[in-house]
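Read in order, the letters of the sequence shown correspond to residues 177 to 270 in our numbering. First the structure, in the form of structure tokens, and then the observations on it.
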Amino acid sequence: MSGSSSDSEGSSSLLPKKRKKYAQKYKVEWEKLQQFRGCIAKSSKVDAFFDLIQIQAATAQAMYDHIVKAFGDWNVPYKENMIGFAADGANVYI
177 MSGSSSDSEG SSSLLPKKRK KYAQKYKVEW EKLQQFRGCI AKSSKVDAFF
227 DLIQIQAATA QAMYDHIVKA FGDWNVPYKE NMIGFAADGA NVYI
């Protein structure tokens, strides 16, 4: 029976273990992340909170670099899918 539980865990995992640990560390609900990735795979429109990114430099370039890195870390094809970007309380504009 222990083999069946590990098999089911392996088959349901869509992200590498490192990314799954990252999601759990920052208390991102794993099911919501999978649902979000499913929407991307189906090419449907999604309006959702994606991530909270801590940056050191308050410059437009630093914000841009961190946002692009976050999308890259989660394999989100933002260039093909993103229509807009919103930031609350941002001191600089991208």
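Positions of the beta carbon are idealized from the N, C-alpha and C atoms, including for glycine.
Inset, instruction - Following the continuous alpha helix (DSSP H) through ASN257, name the residue where it begins and the one where it ends. - result: 254-257
Legend entry - Rounded separation between ALA234 and GLN211 - CA only: 32 Å
Inset, instruction - Starting from the Cα of PRO253, find the closest Cα among GLY214, MET239, ILE229 and give me that residue. - result: GLY214
Legend entry - Candidates ASP227, ASN257, GLN232: closest to ILE243 by CA position: ASP227
Inset, instruction - Please classify ALA238: does DSSP put it in a helix, a strand, or coil? - result: The three-state secondary structure of ALA238, taken from DSSP, is helix.
Inset, instruction - Output yes or no for whether 8 Å exceeds the beta carbon distance between ALA238 and ILE231. - result: yes
Legend entry - Residues of its chain near LYS245, where Cβ-Cβ distance is below 6 Å and the 5 sequence neighbours each way are ignored: Excluding sequence neighbours, LYS245 sits near nothing in its chain.
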